[in-house]
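Residue numbers (my numbering): 701 to 833. Ideal placement from N, C-alpha and C gives every residue a C-beta, glycine not left out. Everything below concerns the one structure shown next.
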């Protein structure tokens, strides 16, 4: 991605960033569909409003990352670190969140109940961020 923020630079769809050091990267509003970030370090990254549909973040570090209003449908976050991240308003239909660390994240208005996750996390989230009736 270049520094002048060209729209072309925000299209990382179908690209691979396995084990990449992307700490603090600004990919807000980016097209990251089906991109692979397995094992990548995205601590403090800005993915607000990004299209993450079908992307893979297996074992990625997303601590303190901004994922608010992102489209996480069918993305894979297996064993990712999501503690202290912001997922407010994210769409999570079909997302795979098994094994993640994310109890201390912001889940407000995110449809986490439509994602696949461990029962222990589901119980913790239902207490703090209950599904609207």
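To the nearest angstrom, how far is it from the Cα of residue i to the Cα of residue j?
| i | j | result |
| --- | --- | --- |
| residue 760 | residue 833 | 33 Å |
| residue 715 | residue 799 | 24 Å |
| residue 718 | residue 735 | 10 Å |
| residue 841 | residue 758 | In the structure as shown, the chain begins at 701 and stops at 833. Residue 841 is therefore absent and cannot be evaluated. |
| residue 818 | residue 762 | 18 Å |
Suppose the cutoff is 6 Å on Cβ atoms and the five residues either side in sequence are ignored; what does the same chain contact list for residue i look like?
| i | result |
| --- | --- |
| residue 707 | For residue 707, the pLDDT reaches just 48, beneath the cut-off of 50, and the residue's location in the model is therefore unreliable, although a value from the coordinates is still provided. Excluding residues within five positions, none has a Cβ falling inside 6 Å. |
| residue 773 | 753, 791, 793 and 794 |
Have a look at the DSSP bridge pairing and note the partners of residue i.
| i | result |
| --- | --- |
| residue 711 | 731 |
| residue 736 | 716 and 756 |
| residue 751 | 731 and 771 |
| residue 786 | 766 and 806 |
| residue 741 | 721 and 761 |
| residue 746 | 726 and 766 |
Compute the beta-carbon to beta-carbon distance between residue i and residue j, rounded to the nearest angstrom, for a pair I have assumed lies under 8 Å.
| i | j | result |
| --- | --- | --- |
| residue 801 | residue 783 | 5 Å |
So the alpha helix (DSSP H) residue i belongs to, where does it begin and stop?
| i | result |
| --- | --- |
| residue 826 | 819 to 828 |
Which same chain residues, not among the five before or five after residue i, have their C-beta less than 7 Å away from its C-beta?
| i | result |
| --- | --- |
| residue 768 | 748, 786, 787, 788, 789 and 790 |
| residue 726 | 746 |
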